[in-house]
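Note sheet for the following structure.
Protein chains: 2
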Amino acid sequence: MQMKTIQPVTVFQALGDETRLRVVRLMVVAGDESCLCELVDSLMEPSYKLSRHLKVLRQAGVLVSRKEGRWVYHRLVSESPCLELLYKMVRALPDSQGVYGTDLKRFRERLRLREGGRCQVGVQSEALKDEVV
Amino acid sequence: MQMKTIQPVTVFQALGDETRLRVVRLMVVAGDESCLCELVDSLMEPSYKLSRHLKVLRQAGVLVSRKEGRWVYHRLVSESPCLELLYKMVRALPDSQGVYGTDLKRFRERLRLREGGRCQVGVQSEALKDEVV
DNA sequence: ATGATACTTGTACTATAGTGCAATAATGCA
DNA sequence: TGCATTATTGCACTATAGTACAAGTATCAT
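Order-wise, the sequence lines are chains A and B. Just add 344 to the spot in the first sequence (first one is 1) and you have my numbering. Just add 344 to the spot in the second sequence (first one is 1) and you have my numbering.
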């Protein structure tokens, strides 16, 4: 599932979306892996949307995903000098609207719900729970 | 014409195109400014196409343009720590297809046509000259 | 087995980006 | 002034990306 060589254009395209950049920034700064529901609660975006964006990041080789039970944990790929430089740049990006800061704050709070370092719950934000009525 | 704050997403979008990345890579590695016709001869792409791509890079705040007679010289913006990190990453990108290398080679040859450090001629590649018949 | 939970994806829709041709500035030279 | 040269842009066309809803898959608990 790993890419042989990174495709520079694809990587930049992957970062060229507000939602995806929020994900990458969050993971760069937090330095932790995350499952989908934690990202949903951190970014306050619907799961189907984030799931698609995570797929784009994965296909670009920026992210790898690991399934553990019902949860899928995502983390940044850190085996490439180029990507490391990219993350360094992402970490240095200004947070003019405070969005990245808010995402991080919510993420850190959400991490407190883990038990034994593992996520045990689903989406907490009422408005974003899949209303399977 | 300078941007107050850089818009991260816009910058990544600007780099997320093959042609524009070739331009940026060329300028990062060559470390020189360039006019449109020099870029046309280096990348072997039509001038109207490159002109549009240069505009995108300019609007993203990655590039500034300076008019001098009939020529317009373009150079990378280097007043931002973020952009410097980005250039460092671009410089480290693999050149798997050898495209960047070929662009650079042609660019260096093209620079020899300058006199007094200034471009004095237009597009040299016959196939790309605007056929104003 | 049944149902709940965590996540993914088929489909349809809309908006935007990239391209090529042709026309249009803008500048300098004879 | 007229014309060649350097560069930009209006327009039409096509392809692709992002979104939302709803349906689907995979896993676990009871």
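Note that beta-carbon positions come from the ideal geometry of N, C-alpha and C, so glycine has one too.
When A/Leu380, A/Arg414 and A/Arg458 are compared against A/Lys399, the one with the closest alpha-carbon: Out of A/Leu380, A/Arg414 and A/Arg458, A/Leu380 has the C-alpha closest to the C-alpha of A/Lys399.
Cβ shell of B/Met447 (< 8 Å), same chain only, five flanking positions each side left out: Looking at the sequence itself, residue 447 of chain B is Asp, so the reference to Met does not match. Same-chain partners within the cutoff: Arg366, Arg369, Leu370, Ser386 and Leu387.
Cβ-based burial, A/Val477 [other Cβ within 10 Å; buried from 16]: The predicted position of A/Val477 is uncertain, since its pLDDT is 48 and thus under 50; a value taken from the coordinates is nonetheless stated next. By the neighbour-count criterion, in which a residue is buried when 16 or more other Cβ atoms sit within 10 angstroms of its Cβ, A/Val477 is exposed.
Quick check on this structure: which residue in B/Arg402, B/Lys411 and B/Tyr444 has the alpha carbon closest to the alpha carbon of B/Val355? Of the candidates B/Arg402, B/Lys411 and B/Tyr444, the one whose C-alpha sits nearest the C-alpha of B/Val355 is B/Arg402.
Where are the beta strand (DSSP E) runs, 3 residues long or more, that stay fully inside the segment 353-409 of chain A, in chain order? Segments of the beta strand (DSSP E) lying fully in the segment 353-409 of chain A: there are none.
Quickly, what does DSSP pair A/Tyr444 with across the bridge? List them, please. A/Tyr444 pairs with nothing; no bridge assigned.
Please name the residue, chosen from B/Asp361, B/Arg364 and B/Val353, that lies closest to A/Gly360 on a Cα-to-Cα basis. Selected option, being the one with the closest Cα: B/Val353.
So which residues of chain A does B/Gln357 contact, with C-beta pairs closer than 7 Å? The contacting residues are Gly360.
Can you look up B/Lys411 in the DSSP assignment and give me helix, strand or coil? If DSSP states are grouped into helix, strand and coil, B/Lys411 belongs with the strands.
Between A/Lys473 and A/Val465, which are expected to be in contact by the criterion C-beta below 8 Å, what is the C-beta distance as a whole number of angstroms? The C-beta distance from A/Lys473 to A/Val465 rounds to 11 Å, too long to fall under 8 Å, and the pair is not in contact.
Anyone know if the C-beta pair for B/Gly405 and B/Val421 falls short of 9 Å? Between B/Gly405 and B/Val421, the gap from beta carbon to beta carbon is short of 9 Å.
Tell me the DSSP bridge mates of B/Leu437? Beta-bridge annotation (DSSP): B/Leu437 is not paired with any residue.
Measuring only between beta-carbons, confirm whether A/Gln346 sits less than 9 Å from chain B. Note on A/Gln346: pLDDT 46, under 50, position unreliable in the model; no value is reported.
Which residues share a DSSP beta bridge with A/Val335? Outside the displayed range of chain A (345 to 477) lies residue 335 of chain A, so it cannot be described from this structure.
So, with DSSP's three-state summary, where would you put A/Arg458? A/Arg458: coil per DSSP, three-state reduction.
Taking Cβ-Cβ distances below 7 Å as the criterion, which residues of the segment 426-445 of chain B are in contact with chain A? Sequence-ordered contacts of the segment 426-445 of chain B with chain A read Cys426, Leu429, Leu430, Lys432, Met433, Ala436, Leu437, Pro438 and Ser440 [C-beta pairs closer than 7 Å].
Using CA coordinates, which residue listed in A/Gly413, A/Arg396 and A/Arg414 is at the minimum distance from A/Leu407? For A/Leu407, the nearest C-alpha among the options comes from A/Arg396.
Taking A/Ala374 as the reference, give the member of A/Ala471, A/Arg435 and A/Thr349 with the closest Cα. Checked all of A/Ala471, A/Arg435 and A/Thr349; the closest Cα to A/Ala374 is A/Arg435.
Are the C-beta atoms of B/Val367 and some chain A residue less than 9 Å apart? Not one beta carbon of chain A lies nearer than 9 Å to the beta carbon of B/Val367.
Throw me the rounded Cβ distance for the B/Glu382 and B/Arg454 pair, which I believe falls under 8 Å. Contact between B/Glu382 and B/Arg454 holds: their C-beta atoms lie close to 5 Å from each other, under 8 Å.
Do you know offhand how far B/Ser424's Cα is from B/Gln351's? Near 12 Å, if we compare the C-alpha coordinates of B/Gln351 and B/Ser424.
Near B/Glu377, what residues of its chain come up, given a Cβ to Cβ distance below 7 Å and the 5 sequence neighbours on each side ignored? Once the five neighbours on either side are set aside, the close Cβ partners of B/Glu377 are Tyr417, His418 and Arg419.
Contact set between A/Val353 and chain B, taken where Cβ atoms lie within less than 7 Å: For A/Val353, the neighbours in chain B by C-beta distance under 7 Å run, in chain order, Gly360, Asp361, Glu362 and Leu365.
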